[in-house]
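Novice: In the working numbering, the protein residues as written are 11 to 750.
Just so it is clear, CB atoms sit at the ideal spot from N, CA and C, and this is done for glycine as well.
Small disclaimer: the values here were computed from a predicted structure and weren't measured.
Sharing a structure below in structure tokens format, with a few things to ask.
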Amino acid sequence: MALSSVEDILGKLNPVQREAVEYNGGPILILAGAGSGKTRVITHKIAYIIATRQAKPWEILALTFTNKAAGEMKERIRTLVGKGADLIWMGTFHSIFARILRKEGERIGLSRNFTIYDEEDQQGVIKGVMKELDLSAQELTPRTVRSRINRAKDALLGPGAYAEGAEDFIAQRVAQIYSEYEKRLQAANALDFADLLLKPVRMFRSHPDLLGVYQKQFSAILVDEYQDTNHAQSVLTDLLAARHRNICVVGDDDQSIYSWRGADVGNILGFEQNYPNCKIFRLEQNYRSTKTILGAAGAVVSHNRRRKPKTLWTSRGDGEVVTLMKMPDEREEVLGVVRKIETFMAEDKRQPRDFAVLYRTNAQSRGLEEGLRRAGIPYTIVGGIRFYERREIKDVLAYLRVVVNPQDDFSLLRIINVPPRGIGAVTLSRLKELARQQGLSLFGALKLAGEEVSILPEKRKRLKQLNSVLKKYGSSRKKVSPGELARGLLDDVGYWEYLEQDSTPKGEDRVENVKELLRGMEEFSTLHAEGNLEAFLAEVSLLTDIDSWDDRKNGVTMMTLHAAKGLEFPVVFITGLEEGLFPLASNLDDPAQLEEERRLFYVGATRAEERLLLSCAFRRRRFGGQYGIPSRFIDEVPTEYLETEGEDVTWGAAFSPEDITGTEKTYQRIEDEYSMGEEGDFRLKVGQTVHHSRFGRGRILGKSGFGEMTRLVVDFEKSGRKRLLLKYAHLQVLYEDEDS
DNA sequence: GGTGTCTTCTTTTTT
DNA sequence: AGAAGACACC
């Protein structure tokens with residue numbers, strides 16, 4: 011391959027892009043609007059740095075948010091500078107710092123074979139802690155605890171610091187759980203995602219000599235999607251850049267959509283203050299979309315108050331208007347999308363791969379999937395239930411984790427009775443007790459279980475068997491390939507027979523999935539010569555669904571708006587544009603969150619190159635049936651860009667009496683359900699007759715709380731008294747129909 | 001200790 | 001609507 015000259019590298023850039031690539035005078039902030047050639051600038055900048063010998067490839071640190079983005083960038087750099095590209099430190103924040111931790115973590119008491127817990131594992135540990143500490147999960151779910159802990163970690167707060175700032179009761183409890191959670195992770199030699207960032211910060215701060223080594227090495231640091239960095243990430247890059255001060259961050263505050271995960275737009279907005287001598291480049295020419303699409307997207311996002319004003323422009327033509335499809339219900343919405351796809355394929359010679367159908371929540375993919383399948387249009391779904399999150403896959407991975415890291419109690423717990431070997435709660439508690447007494451991990455206790463008198467002889471035998479299998483593979487793991495090892499292990503424990511017991515399609519899927527996993531492991535070994543089991547597990551736990559999305563496959567792509575960031579398609583549908591769904595109900599009250607929803611719309615709309623279609627349904631079945639009001643974002647699209655198909659539908663007092671089950675008297679449903687919010691509350695007075703989809707008709711006896719947390723006591727005619735949370739009850743107010 | 005049924009709870013987005 | 005947990009029965 012002929013390598014590019016410096017002029018080749020610069021030649022394909024517009025003046026601003028070129029300036030940004032050539033600039034070599036310290037910190038750089040590149041504000042890159044959607045479709046402005048951001049990736050091109052980063053890749054060309056890196057190529058330029060290498061070609062002009064500002065730095066060696068291995069002195070460059072380039073951080074992204076998905077493996078896919080990193081892989082694609084590496085590929086593009088390779089075409090510019092050749093194989094040197096492979097030596098660049100390029101990857102996601104999490105994978106790069108996991109790698110550094112594996113190498114250096116012993117300094118902070120971390121052994122190389124640590125396990126990475128995903129959020130499900132994390133939540134499992136938290137659940138266990140909460141059970142043991144007997145902190146009721148009523149107003150404090152493991153889920154909220156998890157997110158609080160993660161948020162704390164993202165902000166670099168350990169359990170101690172968090173406890174100090176814990177003012178209210180809930181936070182104090184979280185602090186307690188957090189502290190115990192940390193102990194367990196440490197004992198299990200495990201790290202969660204947030205630890206992969208927090209631990210390196212700690213390590214670098216406590217070992218300046220080590221920090222010095224990396225500071226010296228990374229003479230050029232580049233960060234993609236800087237608007238999505240959290241505090242820990244910005245601290246990390248600041249630490250590493252402190253010596254050379256050669257840091258280049260790229261991002262777009264309008265595309266900040268991960269604040270719920272701890273991302274802080276303040277990082278990009280405050281970069282100038284943080285690096286006062288920084289040079290700012292603005293990429294405002296969009297190469298992707300038509301004027302219409304850009305105008306529509308820009309008009310919507312301009313409703314946000316907290317943003318840097320900017321004007322994206324394009325030399326492209328107006329193109330087609332944005333189409334809005336107003337549909338009576340979600341079924342019709344799906345049919346509408348399908349019909350459009352068929353029309354465009356027939357008339358405009360579009361391929362299935364030209365289309366993306368975007369939605370706010372994964373749950374919406376079901377209906378769409380069904381519609382496309384019926385129409386015989388090939389498709390791929392990105393996201394949803396991810397491969398590595400399937401139960402059977404996690405089971406197998408748990409076995410492998412224990413083999414690699416015997417201290418991993420949580421994983422051992424997962425598989426100790428899978429397949430069933432007669433180990434129930436009693437035996438388990440004896441085993442745990444044994445571990446506690448001896449100060450051992452669960453695996454340590456398992457070794458002794460064969461001689462433990464408090465455990466039933468029969469169980470002892472089974473535990474002994476399990477122990478010997480795990481031991482066998484633990485000692486052979488360095489000699490055989492990951493795939494081979496897994497195959498043997500699964501044979502030995504009888505996992506296949508266990509899966510095959512279930513002969514339903516679902517069970518067959520499971521077998522297929524595990525086979526697929528084994529294939530993946532074998533492929534991994536051929537790809538990475540040094541690919542041992544540790545490496546495989548490490549990689550697998552940091553994989554996301556978008557990473558495995560194959561854009562060469564010719565199918566319609568379905569995914570959430572979040573997953574679509576960074577991608578582009580000729581035709582884009584944004585579906586489910588209804589108040590409460592997009593923007594999502596829980597983000598409706600908080601202006602900051604609402605602005606984030608709006609940015610999400612902006613991100614979705616700017617994925618489109620030629621055509622953008624919006625759709626909303628006036629009735630959407632979100633269990634029980636809720637009615638849709640078109641999203642405010644639709645109103646924010648200037649009418650000159652918009653062409654509407656379909657009509658407004660008012661569902662209301664149009665239900666026939668038969669719709670209400672088991673009532674001998676005729677009642678009429680009123681326009682809406684009073685599932686949440688204040689507006690409906692006034693009708694929900696004590697004494698009011700209401701209808702519940704399951705319990706039928708009843709009378710309100712009592713009411714407490716307010717807003718979403720309103721609790722009701724209802725006396726149902728058929729099923730008696732029930733306590734209900736208004737938020738979930740979906741009650742309908744019944745009025746006596748005078749005419750009957 | 002396993003299995004089946006009933007009840008309760010959950011619905012955001014994901015490295 | 002569907003999953004996970006609780007509970008009861010085997």
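(1) Can you give me the C-alpha to C-alpha distance between Leu166 and Tyr188, rounded to a whole angstrom?
(2) Threshold first: 3 residues or longer. Then list the beta strand (DSSP E) segments lying entirely within the region 325-362, N to C.
(3) Contact between the region 73-90 and the region 194-207 is defined here as three or more beta-carbon pairs at a separation below 8 Å; is this criterion met?
(4) Following the continuous beta strand (DSSP E) through Pro319, name the residue where it begins and the one where it ends.
(5) Who are the near neighbours of Arg298 in its chain, counting only those whose CB is closer than 6 Å to its CB and skipping five residues on each side?
(6) Relative to the C-alpha of Asn277, which candidate in Asn564, Asp263, Ile290 and Asn287 has its C-alpha closest?
(7) With H, G and I counted as helix, E and B as strand and the rest as coil, what does DSSP make of Asn523?
(8) Could you tell me the distance, in whole angstroms, from the CA atom of Arg215 to the CA atom of Thr554?
(9) Taking DSSP's pairing of strands, which residues face Ala72 in a bridge?
(10) For Val479, which beta-bridge partners are listed by DSSP?
(11) Between which two residues does the alpha helix (DSSP H) containing Phe203 stretch?
(12) Mark Val16 as exposed unless 16 or more other C-beta atoms lie within 10 angstroms of its C-beta, in which case mark it buried.
(13) Grab me the residues of Ala445's own chain with a C-beta within less than 6 Å of its C-beta, minus the 5 sequence neighbours each way, in chain order.
(14) For Pro593, count the other beta carbons within 10 Å of its own beta carbon; 16 or more makes it buried, fewer makes it exposed. Which is it?
(15) Output the boundary residues of the alpha helix (DSSP H) element that contains Ala366.
(16) For Thr371, count the other beta carbons within 10 Å of its own beta carbon; 16 or more makes it buried, fewer makes it exposed. Which is it?
(17) Just the Cα atoms here: how many angstroms apart are Gln227 and Leu547?
(18) Please say whether Leu528 and Arg497 have beta carbons closer to each other than 8 Å?
(19) Using 10 angstroms around the beta-carbon of Gln447, count the other beta-carbons present and answer buried if the total reaches 16, otherwise exposed.
(20) For Asn564, count neighbouring Cβ atoms within 10 angstroms of its own Cβ and tell me buried if that reaches 16, exposed if not.
(21) Are the beta-carbon atoms of Gly614 and Leu368 separated by less than 8 Å?
(22) Looking at the unbroken beta strand (DSSP E) that takes in Tyr505, where does it start and where does it end?
(23) What separation, rounded to the nearest whole angstrom, lies between the Cα atoms of Arg631 and Gly434?
(24) So who's on the other strand from Leu655, going by DSSP bridges?
(25) Just curious, the beta strand (DSSP E) that Phe291 is in, first and last residue?
(26) Please classify Gln8 as buried or exposed, where buried requires at least 16 other C-beta atoms within 10 Å of its C-beta.
(27) Could you check how far apart the C-beta atoms of Val406 and Leu500 are, in whole angstroms? I think they sit under 8 Å.
(28) Determine the closest residue to Leu334 out of Gly386, Thr89 and Phe643, with distance taken between C-alpha atoms.
(29) Of all the beta strand (DSSP E) runs that stay within the bounds of the region 79-158, which reach a length of 3 or more residues?
(30) Among the residues of its own chain, which have a CB less than 6 Å from the CB of Ser491, if the five just before and after it don't count?
(31) Could you give the distance in angstroms between the alpha-carbon of Leu20 and the alpha-carbon of Thr302?
(32) Under the rule that 16 or more other beta-carbon atoms within 10 Å means buried, what is Pro756, buried or exposed?
(33) Per DSSP, what kind of secondary structure is Asn597 in: helix, strand or coil?
(34) Between which residues of its own chain and Leu552 is the CB-CB distance below 6 Å, once the five residues before and five after are set aside?
(35) Let me check understanding here. Comparing Cα to Cα, which of Asp645, Val700, Glu657 and Leu652 lies closest to Ser312?
(36) Which residues in the same chain have their Cβ closer than 7 Å to the Cβ of Gln133, if we skip the five residues on either side of it in sequence?
Specialist: Well, looking at it:
(1) 13 Å
(2) 332-339
(3) no
(4) Segment: none, Pro319 is in no beta strand (DSSP E) and carries neither H nor E.
(5) Gly45, Glu578 and Glu619
(6) Asp263
(7) helix
(8) 30 Å
(9) Met100 and Leu232
(10) Answer is none; Val479 lacks a bridge partner.
(11) Neither: Phe203 is in no alpha helix (DSSP H) and is coded neither H nor E.
(12) exposed
(13) Leu452 and Ala455
(14) buried
(15) Careful: Ala366 lies outside any alpha helix (DSSP H), inside the beta strand (DSSP E) at Phe365 to Tyr369.
(16) exposed
(17) 28 Å
(18) yes
(19) exposed
(20) exposed
(21) yes
(22) Element bounds for Tyr505: not the beta strand (DSSP E) but the alpha helix (DSSP H), Tyr505 to Glu510.
(23) 40 Å
(24) The identity of residue 655 in the sequence shown is Glu, whereas the question assumes Leu. Its beta-bridge partners are Met335.
(25) Lys289 to Leu293
(26) This structure cannot settle anything about residue 8, because the visible part of the chain is limited to 11 through 750.
(27) 7 Å
(28) Phe643
(29) 99-102 and 125-127
(30) Ser535
(31) 30 Å
(32) Only positions 11 to 750 of the chain appear in the structure, and residue 756 is not among them; the question remains open.
(33) helix
(34) His104 and Ser105
(35) Asp645
(36) Pro152, Arg153 and Arg156
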